[in-house]
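K.L.:
Below is a structure I'd like to ask you about.
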Amino acid sequence: MAAGNISSEKIDLLVYGPGRPIIQNGFSDQFVLHSAETKHDLERLAGMAEKIRGIAVTYHTVHADRSALALFPKLEIIASFGVGYDHVDSAYAREHNIVVTNTPDVLTEEVADVAMGLLIATLREFVKADRYLRSGLWTTQNYPLSVGSLRDRKVGIVGMGRIGQAIGRRLDASRVPVVYHSRKPAEGVSYKHYPDLIEMAKTVDTLVVIVPGGAATANLINADVLKALGPRGVVINVARGSVVDEPALISALKSGTILAAGLDVFAKEPAVPDELRAMQNVVLLPHIGSASVVTRNAMDQLVVDNLKAWFAGKPPLTPVAETPVKGR
Numbered sequence: 663m664a665a666g667n668i669s670s671e672k673i674d675l676l677v678y679g680p681g682r683p684i685i686q687n688g689f690s691d692q693f694v695l696h697s698a699e700t701k702h703d704l705e706r707l708a709g710m711a712e713k714i715r716g717i718a719v720t721y722h723t724v725h726a727d728r729s730a731l732a733l734f735p736k737l738e739i740i741a742s743f744g745v746g747y748d749h750v751d752s753a754y755a756r757e758h759n760i761v762v763t764n765t766p767d768v769l770t771e772e773v774a775d776v777a778m779g780l781l782i783a784t785l786r787e788f789v790k791a792d793r794y795l796r797s798g799l800w801t802t803q804n805y806p807l808s809v810g811s812l813r814d815r816k817v818g819i820v821g822m823g824r825i826g827q828a829i830g831r832r833l834d835a836s837r838v839p840v841v842y843h844s845r846k847p848a849e850g851v852s853y854k855h856y857p858d859l860i861e862m863a864k865t866v867d868t869l870v871v872i873v874p875g876g877a878a879t880a881n882l883i884n885a886d887v888l889k890a891l892g893p894r895g896v897v898i899n900v901a902r903g904s905v906v907d908e909p910a911l912i913s914a915l916k917s918g919t920i921l922a923a924g925l926d927v928f929a930k931e932p933a934v935p936d937e938l939r940a941m942q943n944v945v946l947l948p949h950i951g952s953a954s955v956v957t958r959n960a961m962d963q964l965v966v967d968n969l970k971a972w973f974a975g976k977p978p979l980t981p982v983a984e985t986p987v988k989g990r
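Quick note, the sequence shown lines up with residues 663 to 990 if you use my numbering.
What follows is the structure, encoded as structure tokens:
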């Protein structure tokens with residue numbers, strides 16, 4: 663990796679994506695900040711692109727792909743907001759000795775809370791019941807019993823990283839059996855591991871999806887997995903929209919191949935298919951897994967702290983696996 667030691671000369675950083683107050687205001691006088699909200703905005707930085715040494719990518723909808731990163735030949739570090747970083751071309755970064763960081767840990771419990779809340783809301787039809795009450799129907803008849811329940815269920819967690827393990831702890835507390843699927847067994851995890859996703863889907867009736875996005879997991883939850891899950895099946899996705907084959911999911915929900923779904927993420931955000939929006943057996947959230955003030959502030963601060971550490975000549979706090987830092 664490049665040296666990145668602070669000197670008397672100010673360091674130029676790019677804030678790429680929607681403005682975030684802590685990131686915009688979290689740097690000392692040793693830095694000069696430049697802003698670009700879209701890839702098109704990068705064109706106006708052409709005259710000073712060679713000065714940019716660090717980028718803060720502020721949201722997953724901003725794509726720091728190969729063509730964007732190639733504009734900045736002096737780039738040393740990309741600090742990405744969020745635990746997922748499939749929107750950053752980490753392969754290009756590795757090829758060009760650029761370190762990439764993300765913001766793990768600080769959002770783990772928040773996202774696990776949302777996953778658990780979304781699961782219960784989907785099973786017990788909380789959103790549908792809320793609409794029922796507001797419509798005035800409760801004054802004339804009782805709300806019908808929910809078909810779904812967390813009782814007598816077995817959950818398969820797809821992905822067993824930090825957040826997957828935090829979801830598992832919540833399910834343990836609710837006395838719900840847990841198994842999981844991942845490429846290899848997770849160290850220190852006692853739940854049964856299934857290397858084959860379809861085999862796991864056959865043994866459970868609930869999938870909670872929390873794997874990284876990207877080519878390796880695109881459409882991982884497909885028609886075959888949904889068929890294996892069966893008519894009591896529920897899918898909860900708090901990962902990336904790309905991980906679930908959205909047309910296959912819509913078809914499975916329509917046909918009764920599975921019972922219901924709770925979705926915090928979608929294939930083409932913020933666009934959500936009208937077919938999903940019309941369904942009564944689906945709970946839809948606007949990608950709010952980490953979206954509390956306290957957690958987003960902590961994520962913002964970690965972006966800032968990674969950049970400050972790097973340019974102080976120290977190792978970044980949370981480099982991603984593809985761009986490890988050695989010798990600092």
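Quick reminder that beta carbons are idealized off the backbone N, C-alpha and C, glycines included.
In this structure, how does DSSP classify Ser-752 when only helix, strand and coil are distinguished?
P.N.:
For this step, residue 752 is matched to residue 90 along the sequence shown. Three-state DSSP puts Ser-752 in a helix.
K.L.:
Quick check: what's the CA-CA separation for Ala-665 versus Tyr-842?
P.N.:
On the sequence shown, residue 665 is found 3 positions in, with the first residue counted as 1. On the sequence shown, residue 842 is found 180 positions in, with the first residue counted as 1. Residue confidence is low: Ala-665 scores 44 on pLDDT, short of 50, so the model does not pin down where it sits. Its coordinate-derived value is still stated next. Straight-line Cα distance between these residues: approximately 41 Å.
K.L.:
Do Val-677 and Ala-718 have their C-beta atoms closer together than 8 Å?
P.N.:
For the purposes of this step, residue 677 is identified with residue 15 of the sequence shown, where counting begins at 1. For the purposes of this step, residue 718 is identified with residue 56 of the sequence shown, where counting begins at 1. Yes, Cβ-Cβ distance for Val-677 and Ala-718 is below 8 Å.
K.L.:
Could you give the DSSP three-state label for Pro-683: helix, strand or coil?
P.N.:
Within the sequence shown, the letter at position 21 stands for residue 683. Pro-683 falls in the helix class under three-state DSSP.
K.L.:
In whole angstroms, give me the CA-to-CA distance for Pro-986 and Ala-910.
P.N.:
Taking the sequence shown and counting its residues from 1, the one referred to as residue 986 is at position 324. Taking the sequence shown and counting its residues from 1, the one referred to as residue 910 is at position 248. Roughly 37 Å separates the two Cα atoms.
K.L.:
In three-state terms, what does DSSP make of Arg-990?
P.N.:
Start at 1 with the first residue of the sequence shown, and residue 990 comes out as number 328. Reduced to three states, the DSSP call for Arg-990 is coil.
K.L.:
Counting along the chain, where does the beta strand (DSSP E) carrying Arg-715 start and finish?
P.N.:
The sequence position of residue 715 within the sequence shown is 53, counting from 1. That run of the beta strand (DSSP E) goes 714-719.
K.L.:
Kindly indicate which three-state DSSP category Ile-673 falls into: helix, strand or coil?
P.N.:
Here residue 673 refers to the residue found at position 11 when the sequence shown is read from its first residue. Residue state, collapsed to three classes: strand.
K.L.:
Straight-line CA distance for Gln-686 to Thr-784?
P.N.:
Taking the sequence shown and counting its residues from 1, one reaches residue 686 at position 24. Taking the sequence shown and counting its residues from 1, one reaches residue 784 at position 122. Those two C-alpha atoms are separated by around 37 Å.
K.L.:
Of the residues Lys-930, Asp-674, Gly-918, Gln-963, which one's Cα is nearest the Cα of Asp-907?
P.N.:
What you label residue 907 is simply residue 245 of the sequence shown in a count that begins at 1. Of Lys-930, Asp-674, Gly-918, Gln-963, the residue nearest in Cα terms is Lys-930.
K.L.:
How long is the line joining the alpha carbons of Lys-970 and Ala-960, rounded to whole angstroms?
P.N.:
Counting from 1 along the sequence shown, the entry for residue 970 is found at position 308. Counting from 1 along the sequence shown, the entry for residue 960 is found at position 298. Looking at the two C-alpha atoms, the distance is approximately 15 Å.
K.L.:
Going by DSSP, what residue range makes up the beta strand (DSSP E) through Lys-854?
P.N.:
Here residue 854 corresponds to residue number 192 of the sequence shown, with the count starting at 1. Note, Lys-854: beta strand (DSSP E), 854-856.
K.L.:
Along the beta strand (DSSP E) that carries Gly-818, what are the first and last residues, could you check?
P.N.:
The residue given as residue 818 occupies position 156 in the sequence shown. From DSSP, the beta strand (DSSP E) with Gly-818 extends over 817-820.
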